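Residue numbering for the sequence shown follows the working numbering, starting at 76 and increasing by one per position. Beta carbons: idealized from backbone N, C-alpha and C, even for Gly. Model, not experiment: these values are computed from the prediction. See below for the structure under consideration.
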Amino acid sequence: MNLLRRHWLSVAALTAVFQTVIILYNHSTGLYSVDSPWEFLVRLAFGVLFSFPAAATVVVIDEVIVRTLDRRLPWERGFAARAAAEGLAAAASGAVLGGTLTMAVHRIAPYAEGAAPNAVKNALIAAVLNLIVTATVEAVTSFHRSRDARERAERLEREMARVRFETLKTQLNPHFMFNSLNVLSTLVRKDAAKAEEFIRAFAGVYRYTLEVIDEPVVPLARELEFVRAYLYLLQIRFTGALEVRIDADETALGLLVPPLSVQTLLENAVKHNTASAEAPLTVIIAAGRSGVTVRNPLRPRPAAGGSTGVGLANLRTRYELLGGPAPSFTQTEHEFVSHLPLIVPE
């Protein structure tokens, strides 16, 4: 039906051309005489009126054949088997339709030589014609499939570029950079060795960001290594106010996650909850084969304007583009729990 909706005008035009050929052939052989343009138009109109439903039915049947075989016997599984199955189905459906229409016409206006000879002849003609129609339907369907796949790939590429930009913009957050530089300024005056260690971690965070921004996924082991470097910066900034426990199953470390995804959840927990040395914020990161779960107690900051939710929405979009299961974010009365599915490498 999709094909008929897209190309019903083309089907009608081809029906008109076919009827024109029949009228001219019958006129030239003397089967009947067309004496005026008006008579030609009347015959053409009646021919199209009665032929179009039959042509539409043929197109719908052939599209069903093509789409069914696409699911059950795609071309990739064997060209010869698919071609034979499609040809057999097309010839059989054409023969049945041609024979049925002939018998219906015979009941209205009986053939002098009887129904059987004409039914057989028309069934053979319809079978051959339907092979041509099915080949055309296959070609048009393949064209649309290829064009749709190309458009979908271009759309996904544009969306991925937008997501990468949003992710990079988030990671290059001027507030994080400003706070980190303030911490560094203090460390330089008080503890040169620790300041040097802080600089290495700070540089490593941004180096990782630039290295992976174009990668759709990274191994969980690499992401957690980055999270530990990022966590080091946070713990120096929030001295005694932040506790993070990371528990990762060895079997999960080789699985994949979108880059910067676990860090986004850690940043989200720190950004939207209060933390102090008297009441530290405890974030638990647990990773198993089923995914990565990040949970933190719910202590909302008295935020000006509240959370925009851009980071979490960005994560949902990235998983959607990867075609995998979606992440989940659950808020209860006392805690916020995020779950990121892990992706098995191909």
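query: Can you name the start and end residues of the beta strand (DSSP E) that S403 belongs to?
result: Its beta strand (DSSP E) spans residues S403 to Q406.
message: Considering only the alpha carbon of each residue, which of L317, V369 and E298 lies closest to P334?
response: Here the closest residue by C-alpha is E298.
- prompt: Would you say A194 and G174 are within 9 Å of each other, going by their C-beta atoms?
  reply: Yes, Cβ-Cβ distance for A194 and G174 is below 9 Å.
- request: Say whether the stretch 200 to 220 touches the stretch 133 to 152, bearing in mind that this needs 3 or more beta-carbon pairs closer than 8 Å, one atom from each stretch.
  value: Short answer: they touch.
field: Three-state class that DSSP yields for G380 in the structure shown
entry: Note that G380 scores 45 on pLDDT, short of 50, meaning its location in the model is unreliable; the coordinates nonetheless yield the value given after this. Coil.
Neighbourhood of L148 by C-beta distance below 8 Å, restricted to the same chain and skipping five residues each side: Excluding positions up to five away in sequence, the list reads A156, R157 and A160.
message: Looking only at its chain, what residues have a beta carbon closer than 6 Å to the beta carbon of V369, apart from the 5 residues adjacent to it on each side?
response: Taking C-beta separations shorter than 6 Å and ignoring five residues to either side along the sequence, the partners of V369 in its chain run L340, I360 and S413, following chain order.
query: How is R275 classed by DSSP in three states: helix, strand or coil?
result: DSSP, read as helix, strand or coil, puts R275 in helix.
query: So the alpha helix (DSSP H) L397 belongs to, where does it begin and stop?
result: That run of the alpha helix (DSSP H) goes V385 to L397.
task: Evaluate the contact criterion for the stretch 324 to 338 versus the stretch 388 to 397: three or more CB pairs, one atom per stretch, below 8 Å.
output: In short, these stretches touch, since the Cβ pair count reaches three.
task: Give the straight-line distance between the Cα atoms of T90 and V123, rounded to the nearest whole angstrom.
output: Each residue's alpha carbon lies about 6 Å from the other.
- prompt: With distances taken between CB atoms, is the gap from N197 to T177 smaller than 9 Å?
  reply: Yes.
query: Helix or strand or just coil, what does DSSP make of F313?
result: The answer is coil: DSSP assigns F313 none of H, G, I, E or B.
query: For Y307, which option in E272, R220 and R264 has the closest C-alpha, if you only look at C-alpha atoms?
result: The residue with the shortest Cα to Cα distance from Y307 is E272.
query: Roughly how many angstroms lie between the CA atoms of F313 and R230, to the nearest whole one?
result: For F313 and R230, the distance between alpha carbons rounds to 42 Å.
- request: Can you say whether T349 is buried or exposed, counting buried as having 16 or more other CB atoms within 10 angstroms of its CB?
  value: That one is exposed.
- request: For S403, collect the residues of the same chain with a Cβ closer than 6 Å to its Cβ; drop the 5 residues on either side in sequence, then sort them by chain order.
  value: So the qualifying residues of the chain are H414.
field: Nearest neighbour of A236, chosen from Y305, E290 and V367 [CA to CA]
entry: For A236, the nearest C-alpha among the options comes from E290.
field: I207, buried or exposed, once every other Cβ within 10 Å from all chains shown has been counted against 16
entry: I207 comes out exposed.
- request: Pull up the DSSP beta-bridge partners for G366, would you.
  value: DSSP, once it has assigned bridges, lists G363 as partnering G366.
- request: For H347, name the three-state secondary structure that DSSP assigns.
  value: Three-state result, H347: helix.
Short Cβ contact (9 Å threshold) for R328 with V367: Here residue 328 is Leu; the residue named in the question, Arg, does not match the sequence. Not closer than 9 Å, so no.
query: What is the DSSP secondary structure of I321, counted as helix, strand or coil?
result: Reduced to three states, the DSSP call for I321 is strand.
- request: Label E410 either buried or exposed according to how many other C-beta atoms from any shown protein chain fall within 10 Å of its C-beta, with 16 as the threshold for buried.
  value: With fewer than 16 neighbouring CB atoms inside 10 Å of its own CB, E410 falls in the exposed class.
message: Output needed for P355: all residues of its chain with C-beta closer than 8 Å, excluding positions within five of it in sequence on either side, in chain order.
response: The residues G315, A316, L317 and E318, in chain order, have a CB closer than 8 Å to that of P355 in the same chain once the five nearest residues on each side in sequence are set aside.
field: As assigned by DSSP and simplified to three states, the class of L356
entry: In the three-state reduction of the DSSP assignment, L356 falls in the strand class, which pools E and B.
task: Counting only the same chain and skipping the five closest in sequence on each side, list residues whose C-beta sits under 8 Å from that of N371.
output: Contacts found: A344, N348, L356, T357, V358, I359, E410 and F411.
- request: Using a threshold of 9 Å, state whether the C-beta atoms of L144 and A120 are closer than that.
  value: Contact check for L144 against A120 fails: the beta carbons are separated by 9 Å or more.
message: Quick check on this structure: which residue in R142, L309 and A190 has the alpha carbon closest to the alpha carbon of M252?
response: Taking only the C-alpha atoms, the option nearest M252 is L309.
message: Restricting to runs no shorter than 4 residues, where is the alpha helix (DSSP H) found entirely within the stretch 113 to 165?
response: Counting only runs of 4 or more, we get nothing.
message: Does G381 pass the burial test, meaning 16 or more other C-beta atoms within 10 Å, or should it be called exposed?
response: Because the pLDDT of G381 is 47, which lies under 50, any placement of that residue in the model is unreliable, and the number read from its coordinates should be weighed accordingly. With fewer than 16 other Cβ atoms within 10 Å, it is exposed.
- prompt: Since E410 is in the beta strand (DSSP E), which residue starts that stretch and which ends it?
  reply: Start and end: E410 to L415.
- request: Reducing DSSP to helix, strand and coil, say where V109 ends up.
  value: Of the three classes helix, strand and coil, the one that applies to V109 here is coil, per DSSP.
field: Helix, strand or coil at P372 [DSSP, three-state]
entry: In the structure shown, the three-state DSSP call for P372 is strand.
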